[in-house]
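Trainee:
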Amino acid sequence: MVEPAVTERRWKSELDGWHERPPGPTPLPILGNFLQLDRKNLVQSLMEVSWYGPVFTVFLGLQRVVVLCGYQAVKEALVDQAEEFSGRGQLPAFSKDFNHHVTLLGIVFANGQRWQQLRRFSLTTLRNFGMGKRSIEERIQEEAQCLVEELRKAEGTPFDPTFLLNHTVSNVICSIVFGKRFEYSDEKFLRLNKLITERFCVASSTEIMEKIPGVHHAGHRCSQQIIGFIKERIQMQQASLDPHLEKHNPDSEFCMENLVMATFNLFFAGTETISTTLRFGFLILMKHPQVQVIGAGRCPSADDRRQMPYMEAVLHEIQRFSDILPMSLPHALTQDTHFRGYAIPKVRKLLL
Numbered sequence: 025m026v027e028p029a030v031t032e033r034r035w036k037s038e039l040d041g042w043h044e045r046p047p048g049p050t051p052l053p054i055l056g057n058f059l060q061l062d063r064k065n066l067v068q069s070l071m072e073v074s075w076y077g078p079v080f081t082v083f084l085g086l087q088r089v090v091v092l093c094g095y096q097a098v099k100e101a102l103v104d105q106a107e108e109f110s111g112r113g114q115l116p117a118f119s120k121d122f123n124h125h126v127t128l129l130g131i132v133f134a135n136g137q138r139w140q141q142l143r144r145f146s147l148t149t150l151r152n153f154g155m156g157k158r159s160i161e162e163r164i165q166e167e168a169q170c171l172v173e174e175l176r177k178a179e180g181t182p183f184d185p186t187f188l189l190n191h192t193v194s195n196v197i198c199s200i201v202f203g204k205r206f207e208y209s210d211e212k213f214l215r216l217n218k219l220i221t222e223r224f225c226v227a228s229s230t231e232i233m234e235k236i237p238g239v240h241h242a243g244h245r246c247s248q249q250i251i252g253f254i255k256e257r258i259q260m261q262q263a264s265l266d267p268h269l270e271k272h273n274p275d276s277e278f279c280m281e282n283l284v285m286a287t288f289n290l291f292f293a294g295t296e297t298i299s300t301t302l303r304f305g306f307l308i309l310m311k312h313p314q315v316q317v318i319g320a321g322r323c324p325s326a327d328d329r330r331q332m333p334y335m336e337a338v339l340h341e342i343q344r345f346s347d348i349l350p351m352s353l354p355h356a357l358t359q360d361t362h363f364r365g366y367a368i369p370k371v372r373k374l375l376l
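Numbering-wise (this note's numbering), the sequence shown opens with residue 25 and increments by one.
1) With a cut-off of 8 Å on the beta carbons, I'd call G365 and I342 a contact; round off their distance for me.
2) Would DSSP call H252 helix, strand or coil?
3) Determine the extent of the alpha helix (DSSP H) in which V201 is found, giving its start and end residues.
4) At a cut of 8 Å, does the segment 284–293 reach the segment 317–337 through at least three beta carbon pairs?
5) Does the segment 333–352 come close enough to the segment 52–62 that 3 or more CB-CB pairs lie under 8 Å?
6) Among I298, R223, M71, which has the Cα closest to the Cα of L189?
7) Can you tell me where the beta strand (DSSP E) holding K21 begins and where it ends?
8) Secondary structure at I368, three-state DSSP: helix, strand or coil?
9) On the premise that F288 lies in contact with I250, defined as a C-beta separation below 8 Å, what is that separation, rounded to the nearest angstrom?
10) Is the beta carbon of T358 less than 9 Å from the beta carbon of E107?
11) When you compare the segment 159–172 with the segment 215–222, are there three or more beta-carbon pairs, one atom per stretch, that lie closer than 8 Å?
12) Taking DSSP as the reference, what is the three-state secondary structure of T401?
13) For a test of the three-state rule: what should DSSP assign to F83, helix, strand or coil?
14) Hey, how far is the Cα of V201 from the Cα of E72?
15) Look at T81 and V91 and say whether their C-beta atoms are less than 9 Å apart.
16) For H312, is the classification buried or exposed, using 16 other Cβ atoms within 10 angstroms of its Cβ as the cut-off for buried?
17) State yes or no: is the C-beta of S69 within less than 9 Å of the C-beta of C93?
18) Identify whether A106 lies in helix, strand or coil by the three-state DSSP scheme.
19) Whose C-beta lies closer than 8 Å to the C-beta of P47 among residues of the same chain, with five residues either side of it excluded?
20) Please list, in chain order, all residues of the same chain as A367 whose beta carbon is under 6 Å from its beta carbon, the five residues on each side excluded.
21) Over the uninterrupted alpha helix (DSSP H) stretch that includes T358, give me the two end residues.
22) Give me the Cβ distance between I197 and G294, rounded to the nearest whole Å; I'm assuming they're in contact under 8 Å.
23) Note down, in chain order, each residue of its chain lying with its Cβ closer than 8 Å to the Cβ of A227, except the 5 sequence neighbours on either side.
24) Just verifying my parser: in three-state terms, what is the DSSP assignment at V317?
25) DSSP state of L70, grouped into three classes?
26) Rank P369, Q137, I131 by C-alpha distance to the C-alpha of L147 and give the top, closest one.
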């Protein structure tokens with residue numbers, strides 16, 4: 025009896041002050057607007073709802089979500105009112121991964137001072153490791169050659185490159201973060217990439233689904249195994265670290281939990297998105313073979329970029345066409361604010 029009462033109270037609290045909030049389709053109790061939205065094409069469904077205006081409200085289950093649609097509305101939020109809209113909205117599918125921390129860990133989901141410290145540290149560290157420099161370029165070129173060798177093994181026969189491309193991108197991340205690459209036949213490495221793919225497939229479960237049994241709960245188990253792999257690799261590196269460096273700084277965000285989750289973010293955010301972009305690139309190049317140009321016997325480098333405007337244009341067209349991430353990760357307000365005449369309370373989930 026307690027759970028239905030809590031649910032009813034929460035539902036009523038979400039509807040309070042509705043006349044001051046952005047408009048939207050009428051929600052059903054508990055289900056919200058789920059029956060009016062196409063889960064397989066959420067972006068198109070939200071575009072159809074946008075006749076309410078560039079700022080509107082939908083309910084994903086019990087959760088009120090404010091949606092900003094269109095360049096001008098997004099610009100006003102992220103540029104003109106950047107401070108208020110700088111929060112990170114929570115993804116219920118990942119709440120167990122963080123042990124339901126109120127202040128989330130890692131880079132992607134952190135907020136406020138924690139996010140600023142971790143972002144600054146991560147960018148500095150990646151630059152020191154070679155991001156934008158020749159050293160990281162050499163790692164990518166090495167992995168590209170390994171990819172070419174694997175493609176040649178197919179001897180021109182059709183095959184699905186999905187997992188091969190995942191291995192390639194994941195190996196670049198491994199070489200940067202752990203200082204070594206893995207053979208494509210390494211069982212632990214294959215298991216890692218399989219887990220990342222499986223976790224990505226159930227990354228959008230809503231809060232209400234946590235109360236219902238089903239395959240979506242496998243996502244947390246995948247995350248724990250990925251985190252276990254990362255912890256194992258970190259422990260192999262700990263002999264060269266000074267464990268007391270930040271020990272007496274109570275304000276430091278540099279703890280083992282944040283290190284593990286930041287590395288998890290790199291694998292999760294990097295592997296699937298980059299490999300999917302490469303798959304779209306292969307598909308488009310196969311469809312338009314006249315665009316393909318074989319190089320003059322060596323790997324291209326960043327130094328060649330200025331002399332390759334056509335290649336640059338092709339890359340931009342691939343990214344435009346593929347539309348890997350049609351919506352940003354959810355944002356949240358850091359304080360109660362007024363936007364385009366509407367009152368939007370703090371920590372509401374926003375989709376852009």
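Even glycine gets a Cβ: it sits at the ideal position worked out from N, Cα and C. Quantities reported herein were computed from a predicted structural model and do not represent experimental measurements.
Mentor: In brief:
1) Reading the sequence shown from its first residue, position 341 is the one you call residue 365. Reading the sequence shown from its first residue, position 318 is the one you call residue 342. Incorrect: roughly 40 Å between the Cβ atoms, too far for contact.
2) Here residue 252 refers to the residue found at position 228 when the sequence shown is read from its first residue. First, the amino acid is wrong: residue 252 is Gly here, not His. Looking at G252 - three-state DSSP - the assignment turns out to be helix.
3) Sequence index remark: in the sequence shown, residue 201 carries index 177 (1-based). Element bounds for V201: 186–201.
4) no
5) no
6) Sequence index remark: in the sequence shown, residue 189 carries index 165 (1-based). Among I298, R223, M71, the Cα nearest to that of L189 belongs to I298.
7) Here the chain has residues from 25 to 376 only, and residue 21 is not among them.
8) Numbered from its first residue, the sequence shown carries residue 368 at position 344. In this structure, I368 counts as strand in the three-state DSSP scheme.
9) Counting from 1 along the sequence shown, the entry for residue 250 is found at position 226. Counting from 1 along the sequence shown, the entry for residue 288 is found at position 264. Right, the Cβ-Cβ distance comes to about 6 Å (below 8 Å), so this counts as a contact.
10) As a working note, residue 358 is residue 334 in the sequence shown. As a working note, residue 107 is residue 83 in the sequence shown. Yes.
11) no
12) Here the chain covers residues 25 to 376 and nothing more, so residue 401 does not appear.
13) Indexing the sequence shown from 1 puts residue 83 at position 59. Strand, per DSSP.
14) Taking the sequence shown and counting its residues from 1, one reaches residue 201 at position 177. Taking the sequence shown and counting its residues from 1, one reaches residue 72 at position 48. Approximately 43 Å, taken between the alpha carbons.
15) Taking the sequence shown and counting its residues from 1, one reaches residue 81 at position 57. Taking the sequence shown and counting its residues from 1, one reaches residue 91 at position 67. Yes. Within cutoff.
16) For the purposes of this step, residue 312 is identified with residue 288 of the sequence shown, where counting begins at 1. H312 comes out exposed.
17) Mapped onto the sequence shown, residue 69 falls at position 45. Mapped onto the sequence shown, residue 93 falls at position 69. No. Outside cutoff.
18) Counted from its first residue, the sequence shown places residue 106 at position 82. Three-state DSSP puts A106 in coil, outside helix and strand.
19) Stepping through the sequence shown from its first residue, residue 47 is reached at position 23. If we look at P47 and ignore the five residues flanking it on each side, its Cβ neighbours are Y76, G77, F80, T81.
20) As a position in the sequence shown, residue 367 is number 343, starting the count at 1. Excluding sequence neighbours, A367 sits near E44.
21) As a working note, residue 358 is residue 334 in the sequence shown. No alpha helix (DSSP H) holds T358; DSSP gives it neither H nor E.
22) Counting from one through the sequence shown, the residue named residue 197 turns up at place 173. Counting from one through the sequence shown, the residue named residue 294 turns up at place 270. 6 Å between Cβ atoms; contact.
23) To locate residue 227, count along the sequence shown from 1; it is residue 203. Here the set comprises L115, A117, F118, G243.
24) Position 293 of the sequence shown, counting from 1, holds the residue named residue 317. If DSSP states are grouped into helix, strand and coil, V317 belongs with coil.
25) Along the sequence shown, one-based indexing puts residue 70 at 46. In the displayed model, L70 falls within a helix according to three-state DSSP.
26) As a first step, residue 147 must be located in the sequence shown, where it is residue number 123. Per the Cα distances, I131.
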